[in-house]
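A.B. asks: Residue numbers (our numbering): 335 to 474. Shown below is the structure under consideration.
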């Protein structure tokens, strides 16, 4: 083989490797977003159990964060919250709850954020959703 042929082979291998790495990154982000959705779905189930036990969602959240010290469900909430924080960081998860409503939103990798609320909605959140004054994931 000549030097030119070897350089051509190395260049082609480099191009193929960069294409593969870019594809893997996209699928990794997609998998992380699926993990976020799964955790939020479990939080929705926990919120329903809290509401069933206490006739209120208020103890799900503690100052815009998930209540990791809940007397009954704290251990599971803590596991889910820590799992979410590994993916999006500690400031990436917000929780809001009143007696009758709740919403939890998490930053996401392939969209702005993913949100779950007491209406059963689980999906992409909207800019004005899930915040103080609007405890729904969708626009008011």
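Glycine residues also receive a C-beta, built at the ideal position from the N, C-alpha and C atoms. Note that this is a predicted model, so its numbers are computed, not measured.
Near residue 440, which residues of its chain fall below 7 Å by C-beta distance, leaving aside the five closest residues on each side in sequence?
C.D. replies: 370, 374, 418, 422, 426, 427, 447 and 448.
A.B. asks: Please determine, among 352, 357, 367 and 337, the residue with the shortest C-alpha to C-alpha distance to residue 444.
C.D. replies: When only C-alpha atoms are compared, the closest one is 367.
A.B. asks: Over what stretch of residues does the beta strand (DSSP E) that includes residue 456 continue unbroken?
C.D. replies: Segment 456-458, the beta strand (DSSP E) holding residue 456.
A.B. asks: What do you get for residue 338, buried or exposed, if any count of 16 or more other CB atoms within 10 angstroms of its CB means buried?
C.D. replies: Its Cβ having fewer than 16 others within 10 Å, residue 338 is exposed.
A.B. asks: Below 8 Å CB to CB, which residues in the same chain sit around residue 399 once its five sequence neighbours on both sides are set aside?
C.D. replies: 415, 427, 428 and 429, listed in sequence order.
A.B. asks: Under 8 Å, do residue 381 and residue 452 count as touching if we go by C-beta distance?
C.D. replies: Yes, they are a contact pair.
A.B. asks: Check residue 406 in the structure and name its three-state DSSP category.
C.D. replies: Correct three-state label for residue 406: coil.
A.B. asks: Residue 376 to residue 410, Cα distance in whole Å?
C.D. replies: Computed Cα separation, rounded: 9 Å.
A.B. asks: Should residue 394 go down as buried or exposed, given a rule of 16 or more other Cβ atoms within 10 Å for buried?
C.D. replies: Per the 10 Å Cβ criterion, buried.
A.B. asks: Going straight from the alpha carbon of residue 472 to that of residue 436, what length do you get?
C.D. replies: Each residue's alpha carbon lies about 13 Å from the other.
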